[in-house]
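In the numbering used here, the protein residues as written are 366 to 677. Structure record follows, encoded as structure tokens.
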Amino acid sequence: MLCNCGRKAIYEKRNEGKYYCEKCFTKFVEKNIKRVIGKNKLVEKDDIIAVGLSGGKDSSLLLYILKKFFKNKIFAIMIDEGIGEYRKKSIEKGIILCKTLNVEYNIISFKEYFGFGISDIVKIFNKKGIRAKPCTFCGVWRRYILNKEARKRGATKLAIGINIDDEAESAIMNFIRGDTEKFLKLGPIPGLIKSKYLVQRIKPLINLSSEEITLYDKINKIPFYHKKKCPYAFDSVRLTVRKILKELEEKYPGTKYQIISFSEKIRKAALKGLGYTETKSIEINKCRICKEPTSKEICKACELLERIKNLD
366 MLCNCGRKAI
376 YEKRNEGKYY
386 CEKCFTKFVE
396 KNIKRVIGKN
406 KLVEKDDIIA
416 VGLSGGKDSS
426 LLLYILKKFF
436 KNKIFAIMID
446 EGIGEYRKKS
456 IEKGIILCKT
466 LNVEYNIISF
476 KEYFGFGISD
486 IVKIFNKKGI
496 RAKPCTFCGV
506 WRRYILNKEA
516 RKRGATKLAI
526 GINIDDEAES
536 AIMNFIRGDT
546 EKFLKLGPIP
556 GLIKSKYLVQ
566 RIKPLINLSS
576 EEITLYDKIN
586 KIPFYHKKKC
596 PYAFDSVRLT
606 VRKILKELEE
616 KYPGTKYQII
626 SFSEKIRKAA
636 LKGLGYTETK
646 SIEINKCRIC
656 KEPTSKEICK
666 ACELLERIKN
676 LD
């Protein structure tokens, strides 16, 4: 098949019935990201942007695009969760990209922050005969470190590589679990409150699929780790939802986009009904242990740390 420009097509956008050559596909991806950023005012003139960089396809493209099109100060934060070679190799790719783009970067480890890596936690749980749920620790601790390190370095925005597949999965999972609070926190600017202690997160890749991101990376020779599944990932609700959505997308192209579009309409209507015409600025609690922001007396990161200490 041929692209509209007459060149040989390398990608079919099935839900739109369009074919793209390498050059036009690159323009399509870049236009998509810039549209999301512009429409939602994700990046403003004086913003200092921290990028949560894993070395994988999504965050690598995100850093590349932000550096290419925006003159803002940008730096990367990489987190070593302590998952052996799996994370070591992805961080190596992240370092190569940062050096190529001349972007400042910092590598922070779970071990450094909490005294335990994910492999340590799994061993402790296994030793006690308890089924480990490392994804819980990983997600909470990653968000904790990214926010704290971004704030410490003066960032006003924290860019994360969430794509349309991730967002659609999260929307469906929140419906399944009836988790209204997490559902309301979806969207290109997640979160319901403003606080000087919380760096505003942004999702510039929210309308791009994993397939589109991978192809862009390869065309533009962006270094990234072609990672296999995390060795500690198990048959979670997310993996089940992912499988179902993949089948639906193959049979009905555009399914994920429709889920995101519909979810955003519901989310905005619900927020308006609850009086959230915009993100609210409020005084937020501080954790009794670490003094980081929390809605409770003790933050989730410290709660999990105390739990693992008691088992060790």
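We put the beta carbon where it would ideally sit given N, CA and C, even for glycine.
Buried/exposed call for residue i, threshold 16 Cβ in 10 Å
i: Lys637; result: exposed
i: Gly494; result: exposed
i: Ala441; result: buried
i: Arg566; result: buried
i: Ala634; result: exposed
i: Ile456; result: buried
i: Glu614; result: buried
i: Lys608; result: exposed
i: Lys513; result: buried
i: Leu580; result: buried
Rounded separation between residue i and residue j - CA only
i: Ala598; j: Leu511; result: 21 Å
i: Ile537; j: Lys630; result: 14 Å
i: Ile483; j: Gly447; result: 5 Å
i: Ile587; j: Gly640; result: 43 Å
i: Tyr385; j: Thr391; result: 9 Å
i: Ile472; j: Ser425; result: 15 Å
i: Gly403; j: Phe393; result: 15 Å
i: Ser560; j: Arg400; result: 27 Å
i: Phe481; j: Phe490; result: 12 Å
i: Arg496; j: Ile673; result: 13 Å
i: Ile554; j: Leu407; result: 7 Å
i: Ser628; j: Ala666; result: 29 Å
i: Asp485; j: Arg372; result: 52 Å
i: Glu377; j: Ile558; result: 39 Å
i: Lys453; j: Pro596; result: 13 Å
i: Asn405; j: Gly556; result: 14 Å
i: Leu604; j: Lys498; result: 14 Å
i: Lys488; j: Thr620; result: 40 Å
i: Lys451; j: Lys661; result: Checking the sequence shown, residue 451 turns out to be Tyr, not Lys. Roughly 34 Å between the two C-alpha positions.
i: Met443; j: Arg507; result: 10 Å
i: Lys594; j: Ser601; result: 13 Å
i: Tyr509; j: Gly382; result: 42 Å
Contact set for residue i: own chain, Cβ-Cβ below 6 Å, skip 5 residues either direction
i: Ile398; result: Ile430 and Pro569
i: Lys458; result: Gly420, Pro588, Phe589 and Tyr590
i: Lys522; result: Asp412, Ile414, Gln565 and Ile567
i: Phe479; result: Leu670
i: Ser474; result: Asp445
Bridge-paired residues (DSSP) for residue i
i: Ser443; result: Inspection of the sequence shows that residue 443 is occupied by Met rather than by Ser. According to DSSP, which records beta bridges pairwise, Met443 is partnered with Ile472.
i: Gln565; result: Lys522
i: Glu377; result: Tyr384
i: Gly417; result: Ile442
i: Thr659; result: Asn650
i: Ser560; result: Leu563
i: Leu570; result: Beta-bridge pairing links Leu570 to no other residue.
i: Leu367; result: Lys373
7 Å CB neighbourhood of residue i in its chain, flanking five on each side removed
i: Leu427; result: Val416, Ala524, Gly526, Pro569 and Leu570
i: Lys618; result: Sequence inspection shows Pro at residue 618; the Lys mentioned does not correspond to that position. Same-chain partners within the cutoff: Arg379 and Asn380.
i: Ala520; result: Ile413, Ile414, Ala415 and Val564
i: Ile663; result: Cys652, Arg653 and Ile654
i: Ala374; result: Met366, Leu367, Cys368, Tyr384, Tyr385 and Cys386
i: Glu532; result: Leu551, Ile571 and Ile625
i: Thr545; result: none
Residue of the options minimising C-alpha distance to residue i
i: Gly504; options: Phe627, Asp445 and Gly420; result: Asp445
i: Asp530; options: Arg566, Glu546, Ser575 and Lys498; result: Ser575
i: Ser419; options: Ile413, Lys396, Cys463 and Val401; result: Cys463
i: Ala515; options: Ile413, Lys583, Lys594 and Asn369; result: Ile413
i: Ile461; options: Glu477, Lys433, Lys616 and Phe589; result: Phe589
i: Ile624; options: Lys522, Glu534, Met443 and Ala441; result: Glu534
i: Glu396; options: Lys422, Glu577, Glu450 and Ile439; result: Residue 396 is actually Lys in this sequence, not Glu. That would be Glu577, whose Cα lies nearest to the Cα of Lys396.
i: Lys476; options: His591, Lys454, Leu557 and Gly449; result: Gly449
i: Glu469; options: Ala634, Ile649 and Ile439; result: Ile439
i: Asn528; options: Asp485, Arg518, Lys492 and Leu573; result: Leu573
i: Lys583; options: Cys370, Gly371 and Lys388; result: Lys388
i: Asp423; options: Lys592, Lys608 and Glu612; result: Lys592
i: Leu676; options: Lys492, Glu409 and Phe434; result: Lys492
Close Cβ partners of residue i (< 8 Å) along its chain, the five nearest in sequence each way excluded
i: Lys651; result: Tyr562, Glu657, Pro658 and Thr659
i: Arg632; result: Phe548, Leu549, Leu551 and Gly552
i: Phe540; result: Phe548
i: Val606; result: Glu534, Ile537, Met538 and Ile541
i: Leu690; result: Here the chain has residues from 366 to 677 only, and residue 690 is not among them.
i: Thr501; result: Leu669
i: Asn585; result: Thr391 and Tyr429
i: Lys436; result: none
i: Ile649; result: Ile558, Ser560, Tyr562, Leu563, Pro658, Thr659 and Ser660
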